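Right, one structure below, let's go through it.
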Amino acid sequence: MKLLIASDIHGSAFSARKIANELKDDMRLIILGDIYNHGPRNPLPEQYAPMQVAVILNSLKDKLTAIQGNCDSEVDQMISDFTLNRIYEMNTGGKKLFFSHGHVYNFDNPPDGLKKGDCVFYGHFHIPFIKEKDGIYFINPGSCSLPFNSNPKSYALLDTDDFLCKIMDFDGNVLFERFLK
Ligand SMILES: [Mn+2]
1472 MKLLIASDIH
1482 GSAFSARKIA
1492 NELKDDMRLI
1502 ILGDIYNHGP
1512 RNPLPEQYAP
1522 MQVAVILNSL
1532 KDKLTAIQGN
1542 CDSEVDQMIS
1552 DFTLNRIYEM
1562 NTGGKKLFFS
1572 HGHVYNFDNP
1582 PDGLKKGDCV
1592 FYGHFHIPFI
1602 KEKDGIYFIN
1612 PGSCSLPFNS
1622 NPKSYALLDT
1632 DDFLCKIMDF
1642 DGNVLFERFL
1652 K
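All residue numbers for the sequence shown refer to my numbering, where the first residue is 1472 and numbers rise by one.
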């Protein structure tokens, strides 16, 4: 199975469209929250149009798993044809993949009950990375809309057959890649 993992769209129709274009037929999409609102601390992203983001993501609802971010409110659920989950867990290939927004669970505060080889995915920080601590992997796809620290807009790809994880920009460049073994 191939997963496209993206985060922190923050209402950018431009970025939602880019993600939709990268999503191939054999992929599932996981969105790690901060979907519609730009957030009071952020500038407006490119083509800020939350309702257009909803139209794009609603059209992908059959292949989409979504997480609620700290900028996502009750009304955001009302415009979404998919559920905004606080966390999402997937068990595959002997691993647990744990997905959340990242303001609660992250490198400094991992969720309980993980073992070596498990993977924790989150956004929130708008900085892409693949880190490892005590055999547990922490993956941030960055923000596909409002990256910080002069990073490019980015997203992650994970193949759950060989667990190769890549963080990509929208020009096809691989920013980071690592086997999450
Ligand atoms: Mn955010």
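Every residue gets a Cβ at the ideal spot worked out from N, C-alpha and C, and that includes glycine.
Fair warning: this is a prediction, and the values are worked out from it, not measured in the lab.
Taking one C-beta from the stretch 1574 to 1584 and one from the stretch 1624 to 1631 each time, how about it: are there three or more such pairs within less than 8 Å? Between the stretch 1574 to 1584 and the stretch 1624 to 1631 there are fewer than three inter-stretch CB-CB distances shorter than 8 Å, so the stretches are not counted as touching.
What residue range is occupied by the uninterrupted alpha helix (DSSP H) comprising PHE1485? 1484 to 1493
At a cut of 8 Å, does the stretch 1636 to 1650 reach the stretch 1509 to 1517 through at least three beta carbon pairs? no
Coil, strand or helix - ALA1525 by DSSP: helix
Leaving out five residues on either side along the sequence, give the residues of the same chain with a beta carbon under 8 Å from the beta carbon of PHE1650. So the qualifying residues of the chain are ASP1633, PHE1634, LEU1635, CYS1636.
In whole angstroms, what separates the C-alpha of LEU1568 from that of HIS1595? 17 Å
Apart from the five residues just before and just after THR1554, which ones in its own chain have a Cβ nearer than 8 Å to its Cβ? Excluding sequence neighbours, THR1554 sits near ALA1537, GLN1548.
Cβ pair VAL1546, ALA1484 closer than 7 Å: no
Mind checking VAL1575: buried by the 16 CB within 10 Å criterion, or exposed? Its Cβ having fewer than 16 others within 10 Å, VAL1575 is exposed.
Quick check on the DSSP output: what are the complete beta strand (DSSP E) runs of length 3 or more inside the stretch 1554 to 1583, in order along the chain? Listed in chain order, the beta strand (DSSP E) elements of length 3 or more contained wholly in the stretch 1554 to 1583 are 1558 to 1563, 1566 to 1571.
Closest to GLY1606 by C-alpha separation, out of ALA1487, TYR1519, ASP1640, LYS1587, would be which residue? LYS1587
Ligand 1 and ASP1505: does the residue's C-beta get closer than 6 Å to at least one heavy atom of that ligand? Distances taken from the Cβ of ASP1505 to the heavy atoms of ligand 1 include one shorter than 6 Å.
Rounding to the nearest angstrom, what Cα-Cα distance links ILE1502 and GLY1565 in this structure? 23 Å
SER1614 versus ASN1492, ASP1497, ASP1505, ARG1488, residue with shortest Cα-Cα distance: ASP1505
May I ask you to check if the CB of ASP1479 is nearer than 6 Å to at least one heavy atom of ligand 1? The answer is yes for ASP1479.
Measure the alpha-carbon distance for ILE1601 versus ASP1496 and round it to whole angstroms. 26 Å
ASP1589 to GLY1482, Cα distance in whole Å? 31 Å
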